[in-house]
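Okay, so here's the structure we're looking at.
Numbering (this note's numbering), first residue to last: 769 to 1025.
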């Protein structure tokens, strides 16, 4: 929930998108997945999508299982209509393992600086700029961020804000996640994984390019995922709920406009 800021360029991942010039739909996973498997490019296709695009998965390549969260409405006698989340796992292949689609992979233009300002402002979160701390201060319910100029890029700044907003959503007055965990514990790593996945969902929603987290976070995630095979499912479910919660504020503003 906190990190030191380093002004350095890192390999980026592109949020979920459709290339409008080619109509090639690409699945986007949090960069953690690409990092684990050693890929520099964070764009993925199903086997069928690769074929439909005129390409093919390289012989002998194995796919990567990712999680898709779907919200559906159900009705029962006791509670009436309500929304529930369903997690589905399916297999994708990194584009580095797909041949014949090179010409279709265009790099999207990043959104202009400040493009997320209205979205973030709608949440009403207390965000304070200055200093060198990146963290959500649970005891005082505010987000601390350095000035935008202290980040490696506007996209890095936006992605960091979204990560901290997911942490903010876990306050006991909001989604009631346990945020009182010490750095280095499994519970802390689990919450940071929720925040990173949630930020990835929000980046996809807003078209923001995110960046790799620092090595200490990635190491803690890897340890957690190796010990608990269902950790990614649990984190994805909580991250989806957090992203929906954060997104709901801007949706209310749009509805009222």
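Cβ coordinates follow ideal geometry from the N, Cα and C atoms, glycine included.
Nothing here was measured: the structure is a model prediction, and the numbers come from that model.
query, result
"Backbone secondary structure at residue 791 - three-state DSSP", "Any answer about residue 791 is weak, because its pLDDT of 36 lies below 50 and its placement is not dependable; what the coordinates show is given next. Three-state DSSP puts residue 791 in coil, outside helix and strand."
"Bridge partner(s) assigned by DSSP for residue 848", "844"
"Exposed unless 16 or more other CB atoms sit within 10 angstroms - verdict on residue 1020", "exposed"
"C-beta atoms of residue 870 and residue 824 nearer than 9 angstroms", "no"
"Straight-line Cα distance separating residue 953 from residue 973", "30 angstroms"
"Strand pairing of residue 932, partner residues [DSSP]", "Residue 932 is not bridged to any residue."
"Exposure label - residue 922; buried when at least 16 CB within 10 Å", "buried"
"C-alpha gap between residue 1012 and residue 933, whole angstroms", "12 angstroms"
"Close Cβ partners of residue 1002 (< 6 angstroms) along its chain, the five nearest in sequence each way excluded", "none"
"Test item: CB-CB of residue 966 and residue 931 under 9 angstroms", "yes"
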